[in-house]
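Here the structure comes first, spelled out in structure tokens, and everything after it is commentary.
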Amino acid sequence: MTQKPGPSRTDDQGAGDGRGATYDVVGVQDKWRPVWERLDPFRPADDGSKERRYALTMFPYPSGDLHMGHAEVMALHDVLARYWWQKGYDVLNPIGWDSFGLPAENAAIRRDEHPATYTYANIETQAESFRRYAVSFDWSRRLHTSDPEYYRWTQWLFLRFREKGLAYRKMSPVNWCPVDQTVLANEQVVQGMCERCGAEVTKRELSQWYFKITDYAQRLLDDMDDLEGTWPDRVLAMQRNWIGRSEGAHVDFDIELAGDQAGEKRTVTVFTTRPDTLYGATFMVVAADAKLAEEVCAPEQRAAFTAYRDEVRKASDIDRLSTERPKTGVDLGVTAVNPVSGERIPVWASDYVLADYGTGAIMAVPAHDQRDLDFAREMGLPVRRVIDTGEDNPETSGVATSGDGTYVSSGPLDGLTDKATGIARIIEQLEADGRGTGTVNYRLRDWLLSRQRFWGCPIPIVHCEKCGEVDVPDDQLPIELPDLRGADLKPKGTSPLAAATDWVETTCPSCGGEARRDTDTMDTFVDSSWYFLRYCSPGKTDGPFDREEVGRWMPAAQYVGGVEHAILHLLYSRFFTKVLHDLGLVDFVEPFAALLNQGQVINQGKAMSKSLGNGVDLGQQIDAYGVDAVRLTMVFAGPPEDDIDWADMSPQGSLKFLQRAWRLSGDVTSEPGTDPAGGDVALRKATHKTVAEADQLLENHRFNVVVARIMELVNVTRKAIDSGCGPADPAVREAVETVAILLSLVAPYTAEEMWERLGHEPTVARVGWPTVDPDLLTDDTVTAIVQIQGKVKARLEVSPDITEDELEQLALADPAVVAALEGKQVRKVIVRAPKLVNVVAG
């Protein structure tokens, strides 16, 4: 058998039993894992005997084994969960897998495997690695979103949303990934590319299912006030920006049609945040790919418009909104009537307006909007300034003005200088004329959840020619995926489920006639928008979760995960929770009381990538240095939110420290339970100060500083033993036991081995937080620094209670200070008792 390289043994000769023993890293890991699995120490009692805390981490996707990112987030998350156990809380810390989705399906297709085979094999691989990594999960609550027992309730929730009018189907232009052959939500398009595969996204007109998240836009905004201080500011800012609340007015323009429809009018409502600039609207722009453009286009312009529209559909929304993109468009050959001036203005189609923004039409005020001005100059359209800001006229300068100023060429607004008054007057006029109303608009769009792929939750709807869209009855759920083993699952633009005739063809639950199942599957963000609720009662068979149990644990006290989910997952989860609250299924409106985002693990200054050759294999790192050394390195690297550059890390150094800590446990010769009172006072003070500081640091998520304090205590304890304190001193036992308890948060294998060598039964993870004696937190003396002209000249050991006058006299009498002041006049003495004296002399 080939021996793997790694820390199987560490021999270090030295005085004393502890330093002369062998630290067998692999042996320690192999020894304690089965013990913990037998004891199952992290299953909550849930009996009300202790205060509850829900420690939740964003659950993993089963794409291969664990990577360095998993190692970081799980190490940080586990510090908090284990700390709560030690503090006496009843902790819920579950694990599951977000196991539906495109990556698994694509990977399975490449391997000529069924997605279920690929997915569940990866889940078992990751589960084994999590156990090896010693994360304090309650494995009895494990779930997978691709299990019928889970997605039955995803379907059930979909139907409840539909009953409430929040799930609907419509034809619309959607983001289309030509590689994955499926639609994407706006949030899944990054700089015009598919978030998953990197392909350039195009537009396609399809009938799709949506969740009406826009109905909750204002509540999603308002409730963020309650998250201030417990969620990162940047996450709240990102969500507010994505929701994009803006106040303004809906304004009705009448488009005068041409051709066969000549003499008819089409009323189009546009939203504007500046209705006070209506007198400056010199043309209207309609999104080229909006239905409206096709419907109002004059016959003589139809050929040019159709050619232009087809080109526009090849561009992504990101490209279309770019300010650097040249402005293009087609005159639709019709005019609209400005509702405040009666002026007839031309209507154009262009790509810089998006079809899914409002009605897909805008009023263009080129003097005060740069994109409108660029378009007007390109097409030779009129520019009319209606607010004089004192700057150059945009018509000649080519620079739109957006500041405040005096209204000009604006009818009844002329001469006004207050924007708020101008807006209010125009809205009043529009409402009086029945041509508009004040309103609030949001950038947020409804959640597109249809996916044309196999590996996802089937949508529980059947389509009947007689009855239309019909809900599948609850007692027929789950609608399970057909097996389709051996079938061609490659993307073809429609769901592979459409080819499963035996599955698709069914009976209408309403009339009993022939019907067809919906062949789209749900966006996997639907699965992950409620999994944290299922964790509270994963075995429930008559509902998605037990309301009483959810009420005991939720909201989650702490959620840990990557900032890359700041918009998608977190926003959807918040939306789901609010809907469930309105349905009477939960008693709270926010799912996560606090949020902690970890940084990214990079290498050599760049994200890890096979193509860059800078990837780091987690398994190899664990084989080389052991689980505890990797965990310790992750936690000690810096504040949780900072990126970690693995090239700068030293798991070897972490291993050496753990060995030093472990050796201390072999040096203790006093019996377990020995009263530490009467032991070395200096060491006892160091121990109790470490515990007190660690308590505060952990509450503030300064985990890396906690590790530094543990290291300091190990060094102080070793120095005390070597300088004559003696291994039998009860203060040594107290210090080493404290080291073991604190290390149990970060390096559980080492801590458990230390705890056993100290004469205790397992497990150290549940012994409780050390009690701090307040009397040992006060210093007998403190060091006062004496500076002259900002330079340190003396250090004085003084009483913590020394007065400023006493400290000044003592400082000026110090021989070193007297010598430094010789021949100089003391101009000023600044005293900050008990730690600083600053002398100004000249």
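Those letters in the sequence shown? Residues 1 to 842, by full-length UniProt numbering. Even glycine gets a Cβ: it sits at the ideal position worked out from N, Cα and C. Every value quoted in this text rests on a predicted model; they were computed, and no experiment measured them.
Where residue 29 falls, given that 16 or more other Cβ within 10 Å makes a residue buried: Within the sequence shown, numbered from 1, the residue matching residue 29 stands at position 29. So residue 29 counts as buried.
Beta-ladder partner(s) of residue 522, from DSSP: Counting from 1 along the sequence shown, the entry for residue 522 is found at position 522. The partner list for residue 522 (beta bridge, DSSP) reads 450.
Start-to-end residues for the alpha helix (DSSP H) that takes in residue 704: In the sequence shown, counting from the first residue as 1, residue 704 sits at position 704. Looking at the DSSP string, the run of the alpha helix (DSSP H) that includes residue 704 is 703-720.
Same chain, Cβ closer than 7 Å to residue 469, five either side skipped, listed in chain order: For the purposes of this step, residue 469 is identified with residue 469 of the sequence shown, where counting begins at 1. Hits under 7 Å: 169, 461, 463.
Simplified DSSP state of residue 151, which is helix, strand or coil: Here residue 151 refers to the residue found at position 151 of the sequence shown. Of the three classes helix, strand and coil, the one that applies to residue 151 here is helix, per DSSP.
Limits of the unbroken beta strand (DSSP E) element including residue 271: Residue mapping note: residue 271 aligns to position 271 of the sequence shown, counting from 1. Its beta strand (DSSP E) spans residues 265-272.
Nearest-angstrom beta carbon gap, residue 592 and residue 556 [assumed within contact, 8 Å]: Against the sequence shown, residue 556 aligns to sequence position 556. Against the sequence shown, residue 592 aligns to sequence position 592. Contact flag correct, Cβ pair sits at about 5 Å.
Local conformation of residue 479 per DSSP, three classes: Mapped onto the sequence shown, residue 479 falls at position 479. DSSP places residue 479 in coil when its eight states are reduced to three.
The stretch 56-69 / the stretch 602-618 touching (three or more Cβ pairs under 8 Å): yes
Per-residue DSSP class, three states only, for residue 437: Counting from 1 along the sequence shown, the entry for residue 437 is found at position 437. Strand.
Extent of the continuous alpha helix (DSSP H) to which residue 338 belongs: For the purposes of this step, residue 338 is identified with residue 338 of the sequence shown, where counting begins at 1. Residue 338 -> no alpha helix (DSSP H), and no H or E assigned at all.
Three-state secondary structure (DSSP) of residue 843: What is shown of the chain runs 1 to 842, which leaves residue 843 out entirely.
Residue 824 versus residue 841: straight-line alpha-carbon distance, rounded: On the sequence shown, position 824 is the one that residue 824 refers to. On the sequence shown, position 841 is the one that residue 841 refers to. Their backbone Cα atoms lie some 6 Å apart in a straight line.
Residue 181 in three-state terms, based on DSSP: Residue mapping note: residue 181 aligns to position 181 of the sequence shown, counting from 1. Note: residue 181 maps to coil in three-state DSSP.
Nearest candidate by alpha-carbon position, reference residue 440, set 488, 506, 273, 277: As a working note, residue 440 is residue 440 in the sequence shown. When only C-alpha atoms are compared, the closest one is 273.
Where the beta strand (DSSP E) containing residue 92 begins and where it ends: Working through the sequence shown from its first residue, we reach residue 92 at position 92. Per DSSP, residue 92 belongs to the beta strand (DSSP E) from 90-92.
Host alpha helix (DSSP H) of residue 741 (start-end): One-based indexing of the sequence shown puts residue 741 at position 741. Its alpha helix (DSSP H) spans residues 730-743.
Classification of residue 847 by the beta-carbon crowding that lies within 10 angstroms, buried from 16 upward: Here the chain comprises residues numbered 1 to 842, so residue 847 is not present and cannot be evaluated.
Residue 527 vs residue 161 beta-carbon contact at 8 Å: Numbered from 1 along the sequence shown, position 527 holds the residue referred to as residue 527. Numbered from 1 along the sequence shown, position 161 holds the residue referred to as residue 161. No, the Cβ-Cβ distance between residue 527 and residue 161 is not below 8 Å.
Residue 459 (DSSP reduced to helix, strand or coil): Locating residue 459 in the sequence shown gives position 459, where the first residue counts as 1. It is coil, neither helix nor strand.
For residue 381, three-class secondary structure by DSSP: By one-based count along the sequence shown, residue 381 stands at place 381. Three-state DSSP puts residue 381 in coil, outside helix and strand.
Extent of the continuous alpha helix (DSSP H) to which residue 620 belongs: Working through the sequence shown from its first residue, we reach residue 620 at position 620. Counting along the chain, the alpha helix (DSSP H) containing residue 620 begins and ends at 618-625.
Cα-Cα separation between residue 156 and residue 541, rounded to whole angstroms: Here the question's residue 156 lines up with position 156 in the sequence shown. Here the question's residue 541 lines up with position 541 in the sequence shown. Spanning the two alpha carbons is a distance of roughly 12 Å.
According to DSSP, residues forming a beta bridge with residue 350: Along the sequence shown, read from residue 1 onward, the residue named residue 350 stands at position 350. Beta-bridge pairing links residue 350 to 287, 329.
Short Cβ contact (8 Å threshold) for residue 694 with residue 742: Taking the sequence shown and counting its residues from 1, the one referred to as residue 694 is at position 694. Taking the sequence shown and counting its residues from 1, the one referred to as residue 742 is at position 742. Yes, the pair counts as a contact, with Cβ atoms nearer than the cut-off.
Three or more C-beta pairs below 8 Å linking the stretch 756-776 and the stretch 645-660: Segments in contact, no.
Beta bridge counterpart(s) of residue 792 as assigned by DSSP: The residue given as residue 792 occupies position 792 in the sequence shown. Beta-bridge pairing by DSSP links residue 792 to 787.
Counted within 10 angstroms of its Cβ, other Cβ atoms place residue 299 as buried (16 or more) or exposed: Counting from one through the sequence shown, the residue named residue 299 turns up at place 299. By the 10 Å Cβ count, residue 299 comes out exposed.
Pair within 8 Å by beta-carbon distance, residue 459 and residue 209: Looking up residue 459 in the sequence shown gives position 459. Looking up residue 209 in the sequence shown gives position 209. In contact: residue 459 and residue 209 (Cβ atoms closer than 8 Å).
Buried/exposed call for residue 356, threshold 16 Cβ in 10 Å: The count along the sequence shown starts at 1 and reaches residue 356 at position 356. Label assigned to residue 356: buried.
Residue 279 beta carbon near the ligand ZN (any heavy atom closer than 7 Å): The ligand ZN is not part of this structure, which contains no ligands at all.
Among 474, 351, 659, the one whose alpha carbon lies nearest that of residue 371: Walking along the sequence shown from the start, residue 371 turns up at place 371. Nearest C-alpha to residue 371: 351.
Environment of residue 60 [buried if 16+ CB atoms lie within 10 Å]: As a working note, residue 60 is residue 60 in the sequence shown. So residue 60 ends up on the buried side.
Sequence-distant residues of the same chain with beta carbon closer than 6 Å to residue 723, five excluded per side: Taking the first residue of the sequence shown as position 1, residue 723 is located at position 723. Counting only Cβ-Cβ distances below 6 Å, and skipping sequence neighbours, we find nothing.
Anticipated Cβ contact below 8 Å, residue 86 with residue 492, distance rounded: Counting from one through the sequence shown, the residue named residue 86 turns up at place 86. Counting from one through the sequence shown, the residue named residue 492 turns up at place 492. Incorrect: roughly 55 Å between the Cβ atoms, too far for contact.
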